[in-house]
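Presented below is the structure to which this report refers.
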Amino acid sequence: MKLHLESPAEDDTSDTAVDLKTPSCHNCRHACTEKDKFCTNCGSPLFESCLNCNEPVRIGRAFCGICGTKTTDVLAEQKRHIEDTFQKVKELSIQGEYTEAIDLLKPLKDVKDTAVRDRVVETIRNLARDYQKGTARAEEVLVRAEAYIENRQHQQACALIETLPVGLHSEAIEQLHKVASDTLAEIDELESCIKQVNKGSLSPAAVQDLQKLLTLAPNHSRAREEAVRLSKRLSAAAKKFMQQGRYSEALRFLTFVPEAVLTSEIEEFRSHLTEIVRLMDDLANAPHVDEILPLLAARLAGLIPEDQRVAQLAAKAKQRREKFQGDTSLDMPVWKPAPKQPALGCPIDLLCGPRRLKIENKTVLERMCAHPGCFAVASGLALQGLGKSSIAVDLLPDKSGKLLRRWTGHSRARKVRAAWGIDLGPSSLKAVRLELDDKNDHVVIDRCELLEHAKPLAMTVDAAEQLHCVRETMERFFQGNELVFERGNERVCAGLLSRHVLYRNVKIPPLKPSQMAGAMALEARQQFPLAPEELNWRYQYIQSGQDSKSIAEGPILLVAAKTVTVQQRLDLLKEVGVEPDILQSDSLALHNYFSFENESTGTPDVSQVGDSGKIPAVALVDVGSNATNLVVSSADSIWINSTSIGGDRFTKALVGQLNLTNSQAEQVKRNPTKAAKLHTVYEALDPLFEELAADIERSLVLFTNSHPNNKVVRIVGCGGGFLTHGLLARLRAEHSEKN
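Just add 15 to the spot in the sequence shown (first one is 1) and you have this note's numbering.
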């Protein structure tokens, strides 16, 4: 119905019933018939619905003739409701709550009073326009407030945001306001540190609070003045301690200098002290007198020539290195003894040169000394070629068509006089040739080669470039070695990367040799995720002395590799001119080398496990270019695990942090004295050393959990990555230092 906000005339007291029968138009007073609903003169409606009962009531009547409702009261109430609504809309618009205001007005669009409807429509239109303007301003405020906070102008950010109506605050604006407000509150709390430092307090807490205050408010005048005075006091104290040879304490004082007032002079002084402290720490914890130690000592002596203690240390390192180079021993002299309580739980050392394998060639001796522990895998491969290995499984496809070769003995019964071990890795080729000396009952290292690829294979763009790099390396190898493999007297044993091989320790009831093939086929199907038909798999009893003609028992090592992977390896070797007689996992080759070298003394020392009754084990850590293999060997098991950390990760860290090329990073990794600032090398490598130490520790825990009857009593490191300067020192850290 049409809403009339004006009250009807008070003197209109005509009878309702009569009016309904003889109505007249309230607009023009024209007389109408009782059937008319609209005026026949002006077209105005003659009736409206009662606001209470909805029955028809003649327009202008004060009361409803059906329910008796006084229409003037209802109209007055409705008028008040409309005005209250518009007042609330005004308040909401001031607060920026435009959406809520529009929602509040929407019900009034159904009012039949034209004036009210027009007012509602106009107000909604204005609110929508204001909302668009407010939204645009909110976006501008957000951008400006972010800039203020980025420039540490938190007060300006707060003031700007508070000019914006609350209703226009987005979640991002609210978050900025909270950040700015919290920062201002924190600045107020931190200002108390200015008084403490001013009074002479050099407590770490007060200095750190001052540093934080300047970080939050760089333009805080009082804080900057106090920080400048503090930096002068700290520099003076550091110089005093340096004169006394107390370098660590001097550096500690300079670390408290707030970055906001750090001058180039203080920064250079701090860098100088950092270099000295890291070098002194390096010299103090170096395990061996390697070729790098005298260079580090000389560098330190050059930084502090007035310190006679350092000069004596440098002379001692140089003298001991020269003595070692004139010696025939491959064991590098000890510089710092191993700690009694190492963090990894047992002693750890570098696998140096062989003892049982004999070296009669000066060139071989020099290469072994230059690359300690790098020929272990190649030597283990060659030992298998000579029939001198404890694990003799061979992953070459069986050309005879049988499922397995015999589990005891070697792939060929003939006795050979010499064997090559070819360890073709992702970064280099390591090759060793062993000869049997029956006269003296020796195995002699006749030749050894270590040739790096022109580019690490992980950095090649495709298989073609990878093959080119490997072929170029092998051509250099062939040029220096006449490889005429006399099939009757000489064998070639090649390595397969451990990450491509699966290993399982299994135990089965005692069986006759005729029953073994079927039993192990069933075991392989249960142990490996692929069908045995898709694998090259072999098995062997771990304990020596088993006879293939009788019933045998004991732990069995089950080894498998995908047939496709094996064939790819063989294809690569064939492409570069090598057709191996034996294909073996590099981890098992490492185990074979270590077992052979320690056969006469026992592997490992049973006395180290005490009265626990546990079987001792040795963990061999082979740090390669793109992975680290951990081989735990004991009398009853061989357990192998791999991690993704290798020498390439060390190189990439140096490339990223020192802004070097890969070639430069490789040089710095091997000889850190080539870096302009040595401590930057440590800062790049330390996190990776920590990660590798944690991986080794986790692997040892996994072994202990799966082999509760064993105890690792010794860790031996090898591989090119293990020679990275500082790694062994970190792995040998005292237990208290780690925690």
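Cβ coordinates follow ideal geometry from the N, Cα and C atoms, glycine included.
Following the continuous alpha helix (DSSP H) through residue i, name the residue where it begins and the one where it ends.
i, result
"Gln110", "Counting along the chain, Gln110 falls outside any alpha helix (DSSP H), and DSSP gives it neither H nor E."
"Phe643", "Per the sequence presented here, residue 643 reads as Thr, with Phe not at that position. It is not in any alpha helix (DSSP H) - Thr643 instead sits in the beta strand (DSSP E) that spans 643-649."
"Arg382", "377-385"
"Lys85", "It is not in any alpha helix (DSSP H) - Lys85 carries neither H nor E in the DSSP assignment."
"Ile406", "Looking at the DSSP string, Ile406 is not in any alpha helix (DSSP H), and its letter there is neither H nor E."
"Leu231", "219-231"
"Leu742", "742-746"
"His169", "169-177"
"Glu590", "578-590"
"Gly671", "662-673"
"Asp51", "Careful: Asp51 lies outside any alpha helix (DSSP H) and carries neither H nor E."
"Gln259", "That residue, Gln259, is in no alpha helix (DSSP H); it is neither H nor E in DSSP."
"Leu398", "391-400"
"Glu681", "677-685"
"Leu157", "129-165"
What are the boundary residues of the beta strand (DSSP E) that residue i is part of?
i, result
"Asn656", "653-658"
"Gln599", "597-600"
"His192", "No beta strand (DSSP E) contains His192, which is instead part of the alpha helix (DSSP H) from 186-205."
Does the distance from the C-beta atom of residue i to that of residue j stay below 8 Å?
i, j, result
"Leu673", "Ala699", "yes"
"Leu573", "Val636", "no"
"Leu249", "Leu269", "yes"
"Thr475", "Gln481", "yes"
"Pro219", "Gly111", "no"
"Asn644", "Ser443", "no"
"Ala313", "Leu288", "no"
"Ala434", "Ala391", "no"
"Arg336", "Pro309", "yes"
"Pro687", "Leu693", "yes"
"Glu505", "Val593", "no"
"Gln494", "Arg519", "no"
"Leu10", "Ile97", "Look at the range of the chain in this structure, 16 to 754, and you will see that residue 10 is not part of it."
"Arg729", "Pro302", "no"
"Leu401", "Leu439", "no"
"Leu411", "Leu598", "yes"
"Gly734", "Val647", "no"
"Leu365", "Gly732", "yes"
"Glu206", "Leu231", "no"
"Ile374", "Ile460", "yes"
"His45", "Thr55", "yes"
Tell me residue i's beta-bridge partners as DSSP assigns them.
i, result
"Leu707", "Its beta-bridge partners do not exist; DSSP assigns none."
"Ile571", "Val521, Tyr556"
"Asp637", "Asn644, Cys733"
"Phe62", "Arg73"
"Glu450", "Ala433, Val459"
"Ala699", "In DSSP, Ala699 forms no bridge with anything."
"Asp364", "Val731"
"Val349", "His303"
"Pro631", "Lys726"
"Asp438", "Lys445"
"Lys373", "Val459"
"Phe78", "Lys85"
"Glu467", "Ser443"
"Lys357", "First, the residue type needs correcting, since residue 357 is Pro and not Lys in the sequence shown. Pro357 is bridged to Glu749."
"Ser39", "Ala46"
Report, in whole angstroms, the separation of the C-beta atoms of residue i and residue j, which I expect to be a contact under 8 Å.
i, j, result
"Asp586", "Gly510", "In fact, because the Cβ distance is near 15 Å, the residues do not count as touching under 8 Å."
"Asp596", "Val507", "5 Å"
"His235", "Ala195", "Between Ala195 and His235 the Cβ distance is about 16 Å, and since that is not below 8 Å, they are no contact."
"Arg382", "Leu465", "7 Å"
"Lys629", "Asn725", "6 Å"
"Ser394", "Tyr608", "5 Å"
"Ala160", "Ala151", "15 Å between Cβ atoms; not a contact."
"Ala632", "Ser657", "That pair is no contact at about 18 Å."
"Cys82", "Cys65", "6 Å"
"Lys684", "Phe665", "5 Å"
"Val158", "Leu175", "The pair is not a contact, with the Cβ atoms about 10 Å apart (cut-off 8 Å)."
At the 8 Å Cβ level, is residue i part of the contact set with chain D, yes or no?
i, result
"Tyr556", "Looking at the structure shown, chain D is missing, and only one protein chain is on hand."
Sorry if obvious, but does the Cβ on residue i come closer than 7 Å to a heavy atom of the ligand MN?
i, result
"Gln682", "With respect to small molecules bound, the structure shown includes none, and the ligand MN cannot be examined in it."
(message) List, from N- to C-terminal side, the beta strand (DSSP E) runs of 3 residues or more that fit wholly inside the region 488-553.
(response) 505-511, 516-521
(request) Tell me the start and end of each unbroken alpha helix (DSSP H) in the region 292-340 that is at least 4 residues and wholly inside, in chain order. (result) Segments of the alpha helix (DSSP H) lying fully in the region 292-340: 308-318, 323-340.
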